[in-house]
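First residue of the first sequence: 159, per this note's numbering; consecutive thereafter. Just so you know, even glycine gets a beta-carbon here, dropped at the ideal spot from N, CA and C. In what follows, a structure is listed as structure tokens, so that the remarks can point back to it.
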Amino acid sequence: MIKITFPDGSVKEYKSGISSLEIAELISTKLAKEVYAATVNGEVWDLTRPITKDVTLKLHKWEEEAAKHAFWHSSAHLMAGALELLYPGIKFGIGPAIEMGFYYDVDPGDGKVITEADLKAIEDKMKELAEKNLLYTRKDVSKKEALEIFTKKGDEYKTELISDLEDGTISLYTQGDFTDLCRGPHLPSTEPIKAIKLTSVAGAYWRGDEKRKMLTRIYGITFPKQKMLDEYLIFLEQAKIRDHRRIGKELELFTFSPKVGMGLPLWLPKGSDVRQKLIDFLTVILRKRGYKIVTTPHIGNVNLYKTSGHYEKYGKDSFQPMSTPQEGEQFMLKPMNCPHHCEIYNATPHSYKELPLRMAEFGTVYRYEQSGELHGLTRVRSFTQDDAHHFCRPDQLMEEFKSIIDLILYIYKMLNFNDFTAQISLRDPNNKQKYIGSDENWERAQKEIIKAAAEKNLVTTVVEGEAAFYGPKLDFMVKDAIGRKWQLGTIQVDYNLPERFDLTYNGSDNKKHRPLMIHRTIFGSLERFVAVLIENTTGKFPLWLAPEKAVLLPISEKFNDYAGNVLEILNNSDICTLIDDRSEKIGKKIRDNELKRIPYLLIIGEKEVESGTVAVRKQGEGDKGSMKIDEFVSFIHAEINKEITL
RNA sequence: GCCGAUGUAGCUCAGUUGGUCAGAGCAGCUGAUUUGUAAUCUGCAGGUCGGGGGUUCGAAUCCCUUCAUCGGCUCCA
Numbered sequence: 159m160i161k162i163t164f165p166d167g168s169v170k171e172y173k174s175g176i177s178s179l180e181i182a183e184l185i186s187t188k189l190a191k192e193v194y195a196a197t198v199n200g201e202v203w204d205l206t207r208p209i210t211k212d213v214t215l216k217l218h219k220w221e222e223e224a225a226k227h228a229f230w231h232s233s234a235h236l237m238a239g240a241l242e243l244l245y246p247g248i249k250f251g252i253g254p255a256i257e258m259g260f261y262y263d264v265d266p267g268d269g270k271v272i273t274e275a276d277l278k279a280i281e282d283k284m285k286e287l288a289e290k291n292l293l294y295t296r297k298d299v300s301k302k303e304a305l306e307i308f309t310k311k312g313d314e315y316k317t318e319l320i321s322d323l324e325d326g327t328i329s330l331y332t333q334g335d336f337t338d339l340c341r342g343p344h345l346p347s348t349e350p351i352k353a354i355k356l357t358s359v360a361g362a363y364w365r366g367d368e369k370r371k372m373l374t375r376i377y378g379i380t381f382p383k384q385k386m387l388d389e390y391l392i393f394l395e396q397a398k399i400r401d402h403r404r405i406g407k408e409l410e411l412f413t414f415s416p417k418v419g420m421g422l423p424l425w426l427p428k429g430s431d432v433r434q435k436l437i438d439f440l441t442v443i444l445r446k447r448g449y450k451i452v453t454t455p456h457i458g459n460v461n462l463y464k465t466s467g468h469y470e471k472y473g474k475d476s477f478q479p480m481s482t483p484q485e486g487e488q489f490m491l492k493p494m495n496c497p498h499h500c501e502i503y504n505a506t507p508h509s510y511k512e513l514p515l516r517m518a519e520f521g522t523v524y525r526y527e528q529s530g531e532l533h534g535l536t537r538v539r540s541f542t543q544d545d546a547h548h549f550c551r552p553d554q555l556m557e558e559f560k561s562i563i564d565l566i567l568y569i570y571k572m573l574n575f576n577d578f579t580a581q582i583s584l585r586d587p588n589n590k591q592k593y594i595g596s597d598e599n600w601e602r603a604q605k606e607i608i609k610a611a612a613e614k615n616l617v618t619t620v621v622e623g624e625a626a627f628y629g630p631k632l633d634f635m636v637k638d639a640i641g642r643k644w645q646l647g648t649i650q651v652d653y654n655l656p657e658r659f660d661l662t663y664n665g666s667d668n669k670k671h672r673p674l675m676i677h678r679t680i681f682g683s684l685e686r687f688v689a690v691l692i693e694n695t696t697g698k699f700p701l702w703l704a705p706e707k708a709v710l711l712p713i714s715e716k717f718n719d720y721a722g723n724v725l726e727i728l729n730n731s732d733i734c735t736l737i738d739d740r741s742e743k744i745g746k747k748i749r750d751n752e753l754k755r756i757p758y759l760l761i762i763g764e765k766e767v768e769s770g771t772v773a774v775r776k777q778g779e780g781d782k783g784s785m786k787i788d789e790f791v792s793f794i795h796a797e798i799n800k801e802i803t804l
């Protein structure tokens with residue numbers, strides 16, 4: 159007999175060799191139908207794997223990641239099985255479960271192409287196989303055996319994977335006629351896979367290396383119930399409505415023109431207004447926090463970037479240098495502000511007493527992003543960073559770093575931005591030559607970042623290999639409407655540029671010392687930030703940011719004159735107001751202006767003219783009753799103050 | 001940059017196998033109406049069917065090419 163300890167601490171005895179599934183069945187047959195995987199002594203296992211010693215056991219239902227993971231991973235194998243039948247000779251790369259669903263990278267063979275039009279047939283074959291109730295069976299094999307099997311099959315991708323694995327850790331899973339190299343865990347059988355949708359097909363480089371072959375990646379998702387799939391598909395449809403590219407067009411915030419060039423956003427008046435309000439808002443806070451605001455040109459001599467090291471690193475992939483009538487003279491579009499700021503630092507001598515020096519700029523930069531990477535306002539070739547550089551003494555690093563965390567959290571809170579994650583990005587320890595700077599400085603900077611984040615009680619994830627080439631960083635990430643992650647704020651420690659630009663300050667010992675530099679942005683870029691703001695609010699900006707605060711809706715043309723007077727008063731009171739004096743019915747005017755996301759609709763009819771009021775309707779909320787004009791003015795001012803004061 | 005898909009009026013989209021297939025709704029402009037909290041009615045105007053080339057008696061429809069967009073991959077100072 160063996161002892162099984164459950165999550166609630168209770169212990170029960172079972173005969174050795176029992177599986178988690180059998181235990182679930184003994185508890186209740188209903189439970190057995192709802193579990194998809196089990197954690198045995200902290201390791202996620204197949205439900206059918208026999209347990210032969212005393213263990214702790216947790217059964218996973220659909221709601222838990224481990225269950226979904228097993229479900230989708232099994233679905234990937236099911237898809238592979240279907241593909242093997244439909245495309246004889248097809249070769250397989252990897253096929254994992256992902257956050258929502260799964261994919262499989264495949265090589266259909268020379269000249270063969272799988273497109274979205276083929277997905278339906280694959281889906282149907284998967285359904286056919288799933289209905290056969292195929293069992294997923296696990297087999298541990300030696301490395302030699304595994305290599306033999308896949309060499310015989312001619313699947314060079316699998317053999318490559320196997321050669322990287324350690325002998326003794328290799329397992330195969332089989333369902334029906336399909337066998338795959340896999341660590342597991344899997345469902346007991348294909349039986350629970352009831353609803354299947356293959357969502358898209360895309361190219362993906364083998365092992366993520368752009369120098370290697372591009373495989374075909376097929377994405378899909380499955381559920382135990384059709385209703386769950388339907389709901390998921392509806393969710394995807396609704397997410398499209400929140401897409402900033404769509405709303406930006408609809409509300410006339412920004413546009414792109416192929417004539418101007420891809421990835422070069424054109425801010426329309428309303429979008430420009432929102433953007434400028436963010437700049438003004440941040441400027442006030444920066445000044446209060448001791449930042450000095452500077453302005454630098456949009457181009458710089460190519461030597462500036464040779465000094466900074468950026469030219470060597472990114473030169474070939476940038477907008478190329480432009481020449482001048484002067485022989486040998488070359489300039490580049492500014493891809494970042496830091497080198498310019500270093501030269502501003504160097505323009506005057508500095509004492510240890512004046513550090514930290516905080517230098518900020520809303521600096522527009524130009525980067526030649528690969529054409530396939532461009533995406534609405536979130537990834538563009540010209541954007542304005544809310545950039546700043548903190549020059550400080552080594553002993554000030556921690557305090558300075560923490561104060562920036564505070565600032566970022568303060569701004570996000572003010573903007574009701576709660577849905578972000580913090581990520582500490584370190585260098586890839588196996589690929590150190592990608593980065594510049596000494597080991598010692600890297601180690602030190604990485605430690606300091608981790609410590610600062612911990613002291614600020616920031617919940618972070620640590621990702622190796624995500625650092626900038628000159629230093630580690632702390633990034634603030636958000637997800638867009640369909641779950642893609644974007645970096646907004648970032649704080650980066652840099653020991654490198656101060657060296658390269660020979661930045662110094664006079665210490666109390668009257669000797670020259672080297673300051674260090676912290677790069678930081680809060681919004682990241684105004685473009686990306688506005689994009690995220692649009693998706694978060696579906697275009698219903700907070701009142702203070704809304705480019706138009708109110709619209710006057712006269713019930714008939716008889717009241718247009720009065721409305722015109724009110725319009726003047728409101729606009730003179732710094733409340734940007736429109737008038738809708740079309741000869742339309744009031745219901746129509748309300749509908750149209752609600753769709754334009756204007757925060758306040760002011761209805762004007764006979765009653766209002768007589769009493770000198772407006773009937774206030776708040777967008778999305780309906781009628782709020784009448785107010786005198788001056789009352790409305792102070793009301794709006796008060797509402798705005800409430801929003802931007804913490 | 002790579003793989004796949006898409007591109008029809010300002011916007012959202014119809015357009016069956018190449019042959020009155022250049023359409024609809026919304027927006028715009030007209031005129032009527034003068035309206036009390038999410039769509040009043042009438043009429044009109046709008047497109048070299050992304051650009052270029054080709055196949056054909058005939059191309060929005062088929063082929064090539066180019067530009068742009070979308071979904072991924074790679075990249076992201």
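Residue i: first and last residue of the uninterrupted alpha helix (DSSP H) it sits in
i                 : result
tyrosine 568      : 555–572
arginine 740      : That residue, arginine 740, is in no alpha helix (DSSP H); it is neither H nor E in DSSP.
valine 688        : 684–695
valine 724        : 718–730
tryptophan 644    : It is not in any alpha helix (DSSP H) - tryptophan 644 instead sits in the beta strand (DSSP E) that spans 643–652.
glutamate 223     : 223–244
methionine 284    : 277–289
aspartate 265     : Where aspartate 265 is concerned, there is no enclosing alpha helix (DSSP H), although the beta strand (DSSP E) it sits in stretches over 259–265.
phenylalanine 793 : 787–801
valine 442        : 427–446
glutamate 501     : 496–504
Buried versus exposed call for residue i [16 or more other C-beta atoms within 10 Å across all chains shown]
i              : result
glutamine 777  : buried
asparagine 654 : buried
valine 621     : exposed
threonine 309  : exposed
threonine 413  : exposed
glutamine 333  : buried
histidine 677  : buried
lysine 747     : buried
arginine 749   : exposed
valine 688     : buried
proline 346    : buried
valine 359     : buried
lysine 669     : exposed
Delimiting residues of the beta strand (DSSP E) encompassing residue i
i              : result
alanine 196    : 193–198
methionine 517 : 515–524
proline 712    : 708–712
threonine 542  : 540–550
glutamine 777  : Careful: glutamine 777 lies outside any beta strand (DSSP E) and carries neither H nor E.
lysine 219     : 213–219
leucine 293    : Taken as a continuous stretch (DSSP letters only), leucine 293 belongs to no beta strand (DSSP E), as it is neither H nor E.
threonine 163  : 160–163
lysine 170     : 169–172
asparagine 459 : 457–459
isoleucine 248 : Counting along the chain, isoleucine 248 falls outside any beta strand (DSSP E), and DSSP gives it neither H nor E.
leucine 703    : Note, leucine 703: premise wrong, no beta strand (DSSP E); not H, not E.
valine 271     : Neither: valine 271 is in no beta strand (DSSP E) and is coded neither H nor E.
valine 202     : 201–203
CB contact flag (residue i, residue j, <8 Å)
i                 : j                 : result
arginine 755      : leucine 409       : yes
glycine 253       : aspartate 263     : yes
leucine 701       : isoleucine 737    : no
isoleucine 162    : tyrosine 172      : yes
phenylalanine 634 : phenylalanine 578 : yes
valine 651        : alanine 611       : no
* To do: Please confirm if the region 189–203 is in contact with the region 212–222, defined as three or more CB-CB distances below 8 Å between the two stretches.
  => The region 189–203 makes contact with the region 212–222; the number of CB pairs closer than 8 Å reaches 3 or more.
* Asked: Do the region 264–279 and the region 290–308 make contact, defined as three or more Cβ pairs closer than 8 Å?
  -> no
* Asked: In chain order, which beta strand (DSSP E) runs of at least 3 residues are fully inside the region 334–414?
  -> 336–339, 353–363 and 372–381
* Would you say the region 538–549 touches the region 677–689, given that touching needs at least three Cβ pairs under 8 Å? -> yes
* To do: Just list the beta strand (DSSP E) runs in the region 574–635, keeping only unbroken ones of 3 residues or longer that don't cross its boundaries, in chain order.
  => Listed in chain order, the complete beta strand (DSSP E) runs (minimum 3 residues) inside the region 574–635 are 578–584 and 618–622.
* Count the C-beta pairs between the region 452–468 and the region 490–507 that are closer than 8 Å, then say yes if the count reaches three, no if not. => At 8 Å Cβ cutoff, the stretches touch.
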